[in-house]
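From first to last, the protein sequence lines are chains A and B. With this note's numbering, the residue at position 177 of the first sequence is 179, and numbering never jumps. With this note's numbering, the residue at position 149 of the second sequence is 151, and numbering never jumps. Worksheet for the structure shown next.
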Amino acid sequence: MIATIVRNGFLALRRDRGAMVLSFVLPVAFFSIFALVFGPMSVSSTPRVHVLVVDEDHSAASARLILGLHREGSLTTDTRPKSQKGEPQPPEYTAAAAEAAVKGGTAPVAIVIPAGFGATPISLVPASGRKPIRILHDSSNPVAGQMAAGMLQKVAMTAFSSSMAEVGVRYLAFASGGLTPQQRDRLDSSLAQMRDRAARSDAQTGSAAGAGSDASGGLIAVEMRDVVGENKKSPMIAFYAAGIGVMFLMFTASGAAGTLLDEVDSGALDRILSARVSMTTLLAGKLTYCMLLAYSQLTLMFLWGAAVFHLDLFTHLPGFFTMTVATSFAVAAFGMLLASISRTRAQQASIATLLILTMSALGGSMFPRFLMNPAMQKVGLLTVNAWAIDGYTKVFWRDEPVSHLAPQVAVLLGAGALLFLIARRFACRWESA
Amino acid sequence: MAISTPASGNSLPLQIDSIVKRFGQVTAVSGISLDVPERACLGLLGPNGAGKTTLIRSIVGRVRPESGSVRVFGHPASSPAARQELGWVPQELALYPLLTGRENLNAFGRYQGLRGKALRDAIQWCLEWASLADRADSAVKTLSGGMKRRLNMAAGMIHRPRIVLLDEPTVGVDPQSRNRIFEMVDALRAEGATVIYTTHYMEEAERLCDRVAIVDHGRIIAQGSKDELVAQSFGTRSDVLMRLAASSGAEAWTVSRGGTLQDGVAHFPVDRPSDIASLLDGAARDGLDVIDLVLRRPNLESVFLQLTGRDLRQ
Numbered sequence: 003m004i005a006t007i008v009r010n011g012f013l014a015l016r017r018d019r020g021a022m023v024l025s026f027v028l029p030v031a032f033f034s035i036f037a038l039v040f041g042p043m044s045v046s047s048t049p050r051v052h053v054l055v056v057d058e059d060h061s062a063a064s065a066r067l068i069l070g071l072h073r074e075g076s077l078t079t080d081t082r083p084k085s086q087k088g089e090p091q092p093p094e095y096t097a098a099a100a101e102a103a104v105k106g107g108t109a110p111v112a113i114v115i116p117a118g119f120g121a122t123p124i125s126l127v128p129a130s131g132r133k134p135i136r137i138l139h140d141s142s143n144p145v146a147g148q149m150a151a152g153m154l155q156k157v158a159m160t161a162f163s164s165s166m167a168e169v170g171v172r173y174l175a176f177a178s179g180g181l182t183p184q185q186r187d188r189l190d191s192s193l194a195q196m197r198d199r200a201a202r203s204d205a206q207t208g209s210a211a212g213a214g215s216d217a218s219g220g221l222i223a224v225e226m227r228d229v230v231g232e233n234k235k236s237p238m239i240a241f242y243a244a245g246i247g248v249m250f251l252m253f254t255a256s257g258a259a260g261t262l263l264d265e266v267d268s269g270a271l272d273r274i275l276s277a278r279v280s281m282t283t284l285l286a287g288k289l290t291y292c293m294l295l296a297y298s299q300l301t302l303m304f305l306w307g308a309a310v311f312h313l314d315l316f317t318h319l320p321g322f323f324t325m326t327v328a329t330s331f332a333v334a335a336f337g338m339l340l341a342s343i344s345r346t347r348a349q350q351a352s353i354a355t356l357l358i359l360t361m362s363a364l365g366g367s368m369f370p371r372f373l374m375n376p377a378m379q380k381v382g383l384l385t386v387n388a389w390a391i392d393g394y395t396k397v398f399w400r401d402e403p404v405s406h407l408a409p410q411v412a413v414l415l416g417a418g419a420l421l422f423l424i425a426r427r428f429a430c431r432w433e434s435a
Numbered sequence: 003m004a005i006s007t008p009a010s011g012n013s014l015p016l017q018i019d020s021i022v023k024r025f026g027q028v029t030a031v032s033g034i035s036l037d038v039p040e041r042a043c044l045g046l047l048g049p050n051g052a053g054k055t056t057l058i059r060s061i062v063g064r065v066r067p068e069s070g071s072v073r074v075f076g077h078p079a080s081s082p083a084a085r086q087e088l089g090w091v092p093q094e095l096a097l098y099p100l101l102t103g104r105e106n107l108n109a110f111g112r113y114q115g116l117r118g119k120a121l122r123d124a125i126q127w128c129l130e131w132a133s134l135a136d137r138a139d140s141a142v143k144t145l146s147g148g149m150k151r152r153l154n155m156a157a158g159m160i161h162r163p164r165i166v167l168l169d170e171p172t173v174g175v176d177p178q179s180r181n182r183i184f185e186m187v188d189a190l191r192a193e194g195a196t197v198i199y200t201t202h203y204m205e206e207a208e209r210l211c212d213r214v215a216i217v218d219h220g221r222i223i224a225q226g227s228k229d230e231l232v233a234q235s236f237g238t239r240s241d242v243l244m245r246l247a248a249s250s251g252a253e254a255w256t257v258s259r260g261g262t263l264q265d266g267v268a269h270f271p272v273d274r275p276s277d278i279a280s281l282l283d284g285a286a287r288d289g290l291d292v293i294d295l296v297l298r299r300p301n302l303e304s305v306f307l308q309l310t311g312r313d314l315r316q
């Protein structure tokens, strides 16, 4: 009896392609996709943090520090904006320019070495009058600021080994009540050799990354400032509202567009098309419905974010309106395409689950794109999610004006129009046979 | 609301001229021609897969024939003018199950271009015609099978078409609902509509239709009134069913008289009622005991089975 039930179950499964895909293809596909997204993030290929470096000190010490940072494999450092082809090299970053660049999303972090840093680059004791290095960071990338701070301490260990020894000697002399002349001579000789070795090392190319753990005890005085989110009540809410919102929007639009397949099944589509309604009109009506539904859903999401999580919605209404219209259109068109390429509701559900979760993984709805490796970040740009999240981030995180949303809006509207045209093409099969 | 009079000169409501439709290797409709006069009720009969639905879908413009033409009051089938004249009730319950009856009628009325008072009046007429006024605001999914069928018909009538195509409208309904559907069709005819009625129930065709076309293998194999079809197939012949008491000579006697014996009942074709007397005399003469006897005139089902055979179809 049990064997018959089991056999019937497998027979039904074998003849239900949708269930087969959900059971066997989907898990393997997802495993592969997530392995591609997160798998390459091994130690050797962890995405480099882009750091802007500002040298206000122009001392030998600051130069050594910058060189050390430049050689650090986990960082990509820039001291000046990249020059355009055929144009003269732009000037080095100032503190203000670097701060503006971080606010604008050019880089997640900037290191400003203040004037006077070289006088006392490192110290074993706090409050010794040294000038702190300022780290200006964007807390939407929580890793970058911390990584830059850690790398600064690490680089200090290797770049200022002789200075560290000098400081140690001075501290030893102070604590022991003074050194004999012979002891002083031998220590001076050792320090000179250390400086020579450091100079020779600087002259060689290659990584300066040495062994040892990250310095975190404050060898270099550091002052961190979140230049983008410092005045925001709930810094990451907008990011999550957009990321999660867009993902669920796609499921909603897919479900809503699926009513087309219900109408095919029930015969209502035949009846509608035998009336005065053309296929284009019908699809446009469905698209409008899906778009309004998506718009309502996103609005509810952000209103909830404003009410409960202090999302600053009401001072960003023009940007919110612009991004929500563009996003809703693109997502609705995506839903229409899914419905038009599917033969049945079950098939549509399978394709929707696969595509939406894939796009959400690649596009940053589940995991911030800036934490992915550069190749995957570029692949993410093929998704609606990435452009929508980038646009909402500009509005809510960077406080950028509506005019700066042009790339995101253009891509979303263009993608929506293209998807709708493809959907219309596939829907030809429901017109007269 | 009365159905308006024709405005297209002397054109027939429906003129089908040699249409052919193939799906891959299968020829679903193979050169059907058909003229349907005004106010007629044409029954379209045929086994499963005979081509009836393809023919209906060609008429409503949902199938494009490879050759031939379909004209509705002189207009090409897929033209807006033809669509306005046609009301199609598909076999499926082509309704929105989560909407109420009134909301469904409102939606399909709008799809037909109705607005405002005209739409409201049409909805009211449909609800009353389908005897659904008291359930107008119930969700379709909560209605009985018969109510859904009637609403399905009403949705096809919302724009008051002059030609009505009913594709098996009584499938799965109880006798009461079926009878109500007959009355609805009678009401449409009384108002001047031309009706094309597809069914597998021969008694429905006999009850409602003044003409019948039998379709098989994509062709119309017979056409006419019920009496004409019977006369074409059987002439004046009737069937005599004679139940005989068990006897060893019964089968040989039946065959010798040109009949067949099945389960103790002898079937004889007869041309005149007087032939019955000679059968009874013969039985008595040969010592056979006749238990009872029935004279059966061939009906539409007899014609249908005669023309399409008794083999199972799809």
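Where a beta carbon is used, it is the ideal one built from N, C-alpha and C, also for glycine. Keep in mind that this is a model prediction, so the values were computed, not measured.
{"Query": "Inter-residue spacing [alpha-carbon to alpha-carbon] between I21(B) and A132(B)", "Result": "34 Å"}
{"Query": "Chain-ordered neighbours of L77(A) on chain B, where CB pairs are closer than 9 Å", "Result": "Residues of chain B passing the Cβ test: none, with the nearest at roughly 58 Å."}
{"Query": "Q86(A), DSSP secondary structure in three states", "Result": "coil"}
{"Query": "Per-residue DSSP class, three states only, for H60(A)", "Result": "coil"}
{"Query": "Neighbourhood of D18(A) by C-beta, 8 Å cutoff - its chain only, sequence neighbours within 5 removed", "Result": "A348"}
{"Query": "Near-chain A residues of the region 36 to 63 of chain B (beta-carbon distance less than 7 Å), N- to C-terminal order", "Result": "V62 and G63"}
{"Query": "Bridge partners - K23(B), DSSP secondary structure assignment", "Result": "V31(B)"}
{"Query": "Under 8 Å from the C-beta of R1(B): neighbouring residues of chain A", "Result": "For residue 1(B) there is no data in the structure shown, the boundaries of chain B being 3 and 316."}
{"Query": "Assigned secondary structure, C43(B) (DSSP; H/G/I helix, E/B strand, else coil)", "Result": "strand"}
{"Query": "Opposing strand residues paired with F270(B) [DSSP bridges]", "Result": "V242(B)"}
{"Query": "Neighbourhood of F422(A) by C-beta distance below 8 Å, restricted to the same chain and skipping five residues each side", "Result": "L285, L289, A335, M338 and L339"}
{"Query": "Where L181(A) falls: helix, strand or coil (DSSP)", "Result": "coil"}
{"Query": "Assigned exposure category for F26(A) - 16 Cβ within 10 Å defines buried", "Result": "exposed"}
{"Query": "Inter-residue spacing [alpha-carbon to alpha-carbon] between C43(B) and L13(A)", "Result": "47 Å"}
{"Query": "Closer than 7 Å to chain A by CB, S6(B)", "Result": "Note that S6(B) scores 43 on pLDDT, short of 50, meaning its location in the model is unreliable and no value can be drawn from it."}
{"Query": "Contact check, F253(A) vs I358(A), beta carbons under 7 Å", "Result": "yes"}
{"Query": "With 16 other Cβ atoms within 10 Å as the buried cut-off, status of Q410(A)", "Result": "buried"}
{"Query": "Classification of T6(A) by the beta-carbon crowding that lies within 10 angstroms, buried from 16 upward", "Result": "exposed"}
{"Query": "Min CB distance S25(A) to chain B below 7 Å", "Result": "no"}
{"Query": "Limits of the alpha helix (DSSP H) - the one that L221(A) falls within", "Result": "Run containing L221(A): none; DSSP gives neither H nor E here."}
{"Query": "Proximity of A224(B) and I216(B) at Cβ, strictly below 7 Å", "Result": "yes"}
{"Query": "Cβ contact (3+ pairs, closer than 8 Å) linking the region 292 to 301 of chain A and the region 109 to 123 of chain B", "Result": "no"}
{"Query": "Buried versus exposed, by CB contacts within 10 Å (16 or more), P110(A)", "Result": "buried"}
{"Query": "Validate contact between the region 259 to 275 of chain A and the region 138 to 147 of chain A using beta carbons, cut 8 Å, 3 pairs", "Result": "no"}
{"Query": "Proximity below 7 Å, CB of V72(B) to CB of S60(B)", "Result": "yes"}
{"Query": "Nearest-angstrom Cβ-Cβ length linking P49(B) and D218(B), presumed shorter than 8 Å", "Result": "6 Å"}
{"Query": "Beta-carbon proximity of R24(B) to S434(A), cut-off 7 Å", "Result": "no"}
{"Query": "Beta-carbon contacts of G106(A) that lie in its chain and below 8 Å, excluding the five residues immediately before and after", "Result": "R400 and E402"}
{"Query": "Among A285(B), A138(B) and L167(B), the one whose alpha carbon lies nearest that of V257(B)", "Result": "A285(B)"}
{"Query": "Contacting positions in the region 251 to 274 of chain A - beta carbon closer than 7 Å to chain B", "Result": "S268, G269, A270, D272, R273 and I274"}
{"Query": "Among G158(B), A254(B) and G226(B), nearest to S276(A) - alpha-carbon criterion", "Result": "G158(B)"}
{"Query": "Complete runs of the alpha helix (DSSP H) confined to the region 320 to 355 of chain A [at least 4 residues]", "Result": "none"}
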